[in-house]
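Numbering (my numbering), first residue to last: 200 to 408.
Idealized CB from N, CA, C, for every residue including glycine.
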Amino acid sequence: MQTIPDSGFYYPNLFIRIMLLSIEDVAGTNGVKTMLNMAGLPNLIGNYPPANMEGEFDFSHYSMIMATLDDLYGAKGGQLLATRAGGALFEESKKLIPNLPDMAGDEFQSKSLEEKIEAGLCLVHSVVTQKKTISIPRTEDGQFLYSVEHCPICWGRTTSTPRCFLTAGLLKAAVSWSTGGLDFDVKQVKAHSCGDSTCDYVIPVTPAG
Ligand SMILES: [Zn+2]
Numbered sequence: 200m201q202t203i204p205d206s207g208f209y210y211p212n213l214f215i216r217i218m219l220l221s222i223e224d225v226a227g228t229n230g231v232k233t234m235l236n237m238a239g240l241p242n243l244i245g246n247y248p249p250a251n252m253e254g255e256f257d258f259s260h261y262s263m264i265m266a267t268l269d270d271l272y273g274a275k276g277g278q279l280l281a282t283r284a285g286g287a288l289f290e291e292s293k294k295l296i297p298n299l300p301d302m303a304g305d306e307f308q309s310k311s312l313e314e315k316i317e318a319g320l321c322l323v324h325s326v327v328t329q330k331k332t333i334s335i336p337r338t339e340d341g342q343f344l345y346s347v348e349h350c351p352i353c354w355g356r357t358t359s360t361p362r363c364f365l366t367a368g369l370l371k372a373a374v375s376w377s378t379g380g381l382d383f384d385v386k387q388v389k390a391h392s393c394g395d396s397t398c399d400y401v402i403p404v405t406p407a408g
């Protein structure tokens, strides 16, 4: 595994903790141990970051873990584990949000489907950037475009196709929650690791299937 130099950008401890616990759930403690050794981060074995929002985890360490997932479990296995970790990240970070909208309440239920989708995406954007977000840009054909300027998943990596499945899984879980369980085909269309300036995801305004 190639070492990626420190980025100087940091992600909250809790987000790494959730990601590692989600992988451990599937791969077991030995699986995570192997992965962290391969990623050059043996200091994290049995010593996951604490459950707090302090930004102490360098993006490069996060992306080394993501690259190792792909190396260890292959393109498909890495995708599944990362997508699952993204879903877990949404479920856990939702608990941290004060004044979470009441999904079952009349006010939320009176929203249109597009407003509900946007509410889910705004929630994620607000938590990740720590800035209140009230709208999400659209593509020319009216789908939502979620753009990430500094991506911890592919930081310093090169991939032939976009592979930031953790974020795609996070967004998918968010819009599923905000629409009362609908499934949306979230697609990553740009990636830093493919030479683009941002990691971009398109979220359709109609459910899959
Ligand atoms: Zn990325």
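> Taking C-alpha atoms, which residue in SER206, LEU288, PRO297 and PHE256 lies nearest to LEU220?
Replying inline: Residue 220 sits at position 21 when you count from the first residue of the sequence shown. Put simply, of SER206, LEU288, PRO297 and PHE256 the residue whose alpha carbon is nearest the alpha carbon of LEU220 is LEU288.
>> Could you tell me the alpha carbon to alpha carbon distance between TRP354 and GLU223, rounded to whole angstroms?
In response: Residue mapping note: residue 354 aligns to position 155 of the sequence shown, counting from 1. Residue mapping note: residue 223 aligns to position 24 of the sequence shown, counting from 1. Whole-angstrom Cα-Cα distance: 23 Å.
>> Report the CB separation of PHE364 from THR282 in whole angstroms; it is logged as a contact under 8 Å.
In response: One-based indexing of the sequence shown puts residue 364 at position 165. One-based indexing of the sequence shown puts residue 282 at position 83. With a Cβ gap of about 5 Å, PHE364 and THR282 count as contacting.
>> Within 8 Å, do at least three Cβ pairs link the segment 207 to 221 to the segment 238 to 249?
In response: yes
> Measuring from the CB of ALA367, is there a heavy atom of ligand 1 at a distance below 7 Å?
Replying inline: As a working mapping, residue 367 is identified with position 168 in the sequence shown. Because no heavy atom of ligand 1 lies under 7 Å away, the Cβ of ALA367 does not count as near it: no.
> What separation, rounded to the nearest whole angstrom, lies between the Cα atoms of ARG356 and ALA238?
Replying inline: Reading the sequence shown from its first residue, position 157 is the one you call residue 356. Reading the sequence shown from its first residue, position 39 is the one you call residue 238. If I take the Cα positions, the gap works out to 13 Å.
> Between LEU184 and the rest of its own chain, which residues show a CB-CB distance below 8 Å, the 5 nearest in sequence each way excluded?
Replying inline: Outside the shown range of the chain, which is 200 to 408, sits residue 184, and nothing can be said about it.
> LEU369 lies in the alpha helix (DSSP H); which residues open and close that run?
Replying inline: Here residue 369 is taken as the residue at index 170 of the sequence shown, counted from 1. Where LEU369 is concerned, the enclosing alpha helix (DSSP H) stretches over 364 to 377.
> Between the C-alpha atoms of PHE208 and SER334, what's the straight-line distance to the nearest angstrom?
Replying inline: Working through the sequence shown from its first residue, we reach residue 208 at position 9. Working through the sequence shown from its first residue, we reach residue 334 at position 135. Roughly 25 Å between the two C-alpha positions.
>> Taking 8 Å as the cut-off, does the segment 297 to 309 touch the segment 255 to 270 (at least 3 CB pairs, one atom from each stretch)?
In response: no
> Where does TYR345 sit, in a helix, a strand or coil, going by DSSP?
Replying inline: Here residue 345 refers to the residue found at position 146 when the sequence shown is read from its first residue. Strand.
> Since ALA294 and SER377 are thought to touch, with beta carbons under 8 Å apart, how far apart are those beta carbons, to the nearest angstrom?
Replying inline: Here residue 294 corresponds to residue number 95 of the sequence shown, with the count starting at 1. Here residue 377 corresponds to residue number 178 of the sequence shown, with the count starting at 1. Checking the sequence shown, residue 294 turns out to be Lys, not Ala. Going by Cβ atoms, the distance from LYS294 to SER377 rounds to 16 Å, so no, they are not a contact pair.
>> From the DSSP secondary-structure annotation, give me the bridge partner or partners of PHE256.
In response: Here the question's residue 256 lines up with position 57 in the sequence shown. Paired residue(s): TYR210.
>> Based on DSSP bridge pairs, tell me the residues matched to GLN387.
In response: Position 188 of the sequence shown holds residue 387. DSSP output for GLN387 lists TYR400 as bridge partner(s).
> What span of residues does the alpha helix (DSSP H) with LEU295 cover, start to end?
Replying inline: Working through the sequence shown from its first residue, we reach residue 295 at position 96. The continuous stretches of alpha helix (DSSP H) do not include LEU295, and DSSP gives it neither H nor E.
> Looking only at DSSP bridge pairs, what is ARG337 linked to?
Replying inline: Counting from one through the sequence shown, the residue named residue 337 turns up at place 138. Looking at the DSSP assignment, ARG337 forms a beta bridge with PHE343.
> Once you ignore the five residues that flank VAL388 on each side, which residues in its own chain have a CB closer than 6 Å to its CB?
Replying inline: The residue labelled residue 388 in the question sits at position 189 within the sequence shown. Excluding residues within five positions, the ones whose Cβ falls inside 6 Å are ASP399 and VAL401.
> Taking the continuous alpha helix (DSSP H) assigned at SER359, which residues delimit it?
Replying inline: Translated into the one-based positions of the sequence shown, residue 359 becomes position 160. Unbroken run through SER359: none, as it is neither H nor E.
> According to DSSP, is GLY227 helix, strand or coil?
Replying inline: Locating residue 227 in the sequence shown gives position 28, counting from the first residue. Helix.
>> Relative to the C-alpha of PHE383, which candidate in GLU313, THR332, SER359 and CYS393 has its C-alpha closest?
In response: Your numbering for residue 383 matches position 184 in the sequence shown. With distances taken between Cα atoms, PHE383 lies closest to GLU313.
> Closest to LYS330 by CA distance: which of ILE296, LEU344 and ARG362 is it?
Replying inline: By one-based count along the sequence shown, residue 330 stands at place 131. Of the candidates ILE296, LEU344 and ARG362, the one whose C-alpha sits nearest the C-alpha of LYS330 is ILE296.
> At what residues does the alpha helix (DSSP H) containing GLY325 begin and finish?
Replying inline: As a first step, residue 325 is located in the sequence shown; it is residue number 126 there, counting from the start. Rather than Gly, the amino acid found at residue 325 in this sequence is Ser. It spans 312 to 328 - the alpha helix (DSSP H) in which SER325 sits, taken as one unbroken run.
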